[in-house]
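I have placed the structure first, in the form of structure tokens, so that the comments after it can refer back to it.
Residue numbers (our numbering): 263 to 659.
What follows is the structure in structure tokens.
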């Protein structure tokens with residue numbers, strides 16, 4: 263998500279650290295392929311770094327990144343959003359035909375590998391900065407694990423057991439080709455929401471975490487959707503949230519359905535809808551079971567159903583609401599061969615364009631997820647401004 267605005271003294275460092283498998287946490291001590299060797303020190307940064315010494319309006323900058331691996335060229339990719347103190351984009355990544363507000367070069371970035379083992383600072387001359395259009399699928403799969411998901415689905419299984427199976431089948435369908443660039447993240451929610459797996463092409467990891475889901479607690483729509491937005495970030499592609507629940511929200515401090523919380527800044531659901539708009543995420547909302555009818559208005563609102571009264575905001579991306587009263591209905595919605603199903607709808611979406619900085623990748627897939635820390639900095643009349651974000655990517659064979 264968008265980082266807090268700040269101005270801090272210039273420290274030229276952006277760091278790539280090796281991360282242990284996501285389910286085990288980060289830490290180079292858990293790796294097994296040996297320390298990195300120190301690399302060359304890059305040349306000093308000169309004044310050709312997109313600076314505008316006469317600009318006085320830019321006081322702070324905000325950086326946000328999402329990471330991917332370019333298998334064809336064996337390079338890491340950091341897609342980024344570069345904003346001013348008011349959140350206005352300084353590089354319009356929403357418009358493929360647009361020109362950047364600032365002509366950034368590799369010298370606006372510094373990347374260091376393995377800072378905790380043997381720092382290897384990369385030469386900025388090896389970085390590439392540009393824009394890229396991607397039409398890969400980038401999906402946050404969000405599953406309700408509240409207490410009611412333990413109830414019978416009408417076929418002798420619990421609702422959660424049915425949801426687990428369709429979710430695993432969906433993961434297999436989306437990630438059938440692990441080299442396609444398609445990515446899925448997993449979020450579960452009850453009283454709280456948790457990102458269980460960040461965006462990945464590892465279907466087995468996702469299915470393992472799905473199998474481990476268990477029920478407890480209440481139902482927090484706002485928290486779940488906010489976590490889904492964080493998971494997708496600014497990764498370009500066919501960006502979507504697949505949101506499965508069996509009942510109405512029971513956590514939001516503003517009670518009632520869409521008609522009650524529409525426009526209420528104190529509502530967690532309204533705040534989450536604002537994030538869906540800001541990040542241009544399409545939502546496919548599934549109401550599973552007869553009790554889910556109490557959530558129909560909310561789910562239709564998140565999916566941008568203009569027939570609602572009041573109608574959702576016009577700038578909310580339009581997805582679709584799938585009522586699924588029975589297990590068969592749920593299977594039909596997730597069926598990859600259904601031309602009107604969720605996967606077919608995602609395939610019909612347009613891709614998106616984002617600016618990126620790419621850098622050489624020196625490590626095989628055996629290295630596991632690579633945790634990445636990036637600093638973008640800029641100089642103007644107000645001095646040296648910069649911001650930092652982190653994320654991960656996974657090299658593939």
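For glycine and all other residues, C-beta sits at the position ideal for the given N, C-alpha and C.
Cα separation between residue i and residue j?
i: residue 515; j: residue 497; result: 31 Å
i: residue 639; j: residue 647; result: 6 Å
i: residue 408; j: residue 568; result: 29 Å
i: residue 495; j: residue 483; result: 18 Å
i: residue 465; j: residue 472; result: 10 Å
i: residue 374; j: residue 455; result: 33 Å
i: residue 308; j: residue 614; result: Bear in mind that the predicted position of residue 308 carries a pLDDT of just 44, short of 50, making it unreliable; the figure below should be weighed with that in mind. When rounded, the distance between both Cα atoms is 33 Å.
i: residue 340; j: residue 415; result: 43 Å
i: residue 522; j: residue 573; result: 13 Å
i: residue 488; j: residue 502; result: 13 Å
i: residue 598; j: residue 442; result: 17 Å
i: residue 641; j: residue 344; result: 14 Å
i: residue 606; j: residue 600; result: 7 Å
i: residue 540; j: residue 389; result: 29 Å
i: residue 609; j: residue 644; result: 46 Å
i: residue 548; j: residue 404; result: 10 Å
i: residue 513; j: residue 479; result: 10 Å
i: residue 578; j: residue 542; result: 7 Å
i: residue 422; j: residue 592; result: 12 Å
i: residue 509; j: residue 580; result: 22 Å
i: residue 595; j: residue 538; result: 22 Å
i: residue 383; j: residue 334; result: 24 Å
i: residue 626; j: residue 328; result: 20 Å
i: residue 630; j: residue 571; result: 49 Å
i: residue 342; j: residue 425; result: 34 Å
i: residue 278; j: residue 524; result: Unreliable placement is indicated for residue 278, whose pLDDT of 34 sits below 50; the coordinate value is still reported in the next sentence. Answer to the nearest angstrom: the Cα atoms are 42 Å apart.
i: residue 324; j: residue 352; result: 10 Å
With a cut-off of 8 Å on the beta carbons, I'd call residue i and residue j a contact; round off their distance for me.
i: residue 438; j: residue 460; result: That belief does not hold up - the Cβ atoms of residue 438 and residue 460 are roughly 20 Å apart, past 8 Å.
i: residue 462; j: residue 445; result: 6 Å
i: residue 620; j: residue 434; result: Contact flag wrong, Cβ pair sits at about 30 Å.
i: residue 450; j: residue 475; result: 6 Å
i: residue 346; j: residue 320; result: 5 Å
i: residue 406; j: residue 507; result: 4 Å
i: residue 618; j: residue 392; result: 6 Å
i: residue 338; j: residue 623; result: 5 Å
Need the endpoints of the beta strand (DSSP E) that residue i sits in, please.
i: residue 396; result: 390–396
i: residue 488; result: That residue, residue 488, is in no beta strand (DSSP E); its alpha helix (DSSP H) goes 483–494.
i: residue 455; result: 455–462
i: residue 338; result: 337–346
i: residue 400; result: 399–406
i: residue 592; result: Unbroken run through residue 592 is the alpha helix (DSSP H), 589–596; no beta strand (DSSP E).
From the DSSP output, read off the bridge partner residues of residue i.
i: residue 216; result: The question about residue 216 has no answer, for the chain in this structure spans 263 to 659.
i: residue 641; result: 646
i: residue 617; result: 393
i: residue 447; result: 402
i: residue 635; result: 652
i: residue 727; result: No answer is possible for residue 727: the residues shown for the chain start at 263 and end at 659.
i: residue 517; result: Answer is none; residue 517 lacks a bridge partner.
i: residue 660; result: Within the shown structure, residues of the chain are numbered from 263 to 659, placing residue 660 beyond reach of any answer.
Please report the residue range of the alpha helix (DSSP H) in which residue i lies.
i: residue 326; result: Counting along the chain, residue 326 falls outside any alpha helix (DSSP H), though it belongs to the beta strand (DSSP E) covering 323–332.
i: residue 658; result: Looking at the DSSP string, residue 658 is not in any alpha helix (DSSP H), and its letter there is neither H nor E.
i: residue 478; result: First-last for residue 478: undefined, no H or E at that position.
i: residue 502; result: Unbroken run through residue 502 is the beta strand (DSSP E), 500–507; no alpha helix (DSSP H).
i: residue 560; result: 558–564
i: residue 435; result: 421–436
i: residue 534; result: 530–540
i: residue 604; result: 604–610
If we define contact as Cβ-Cβ less than 8 Å, is residue i a contact residue for chain B?
i: residue 316; result: You won't find chain B in this structure, because it holds only one protein chain.
Next item on the list: Determine contact between the segment 389–398 and the segment 562–579, defined as no fewer than three beta-carbon pairs at a distance below 8 Å.
Entry: no
Notebook entry, point to check: Does the segment 415–433 come within contact of the segment 518–537, defined as at least 3 CB pairs closer than 8 Å?
Noted result: no
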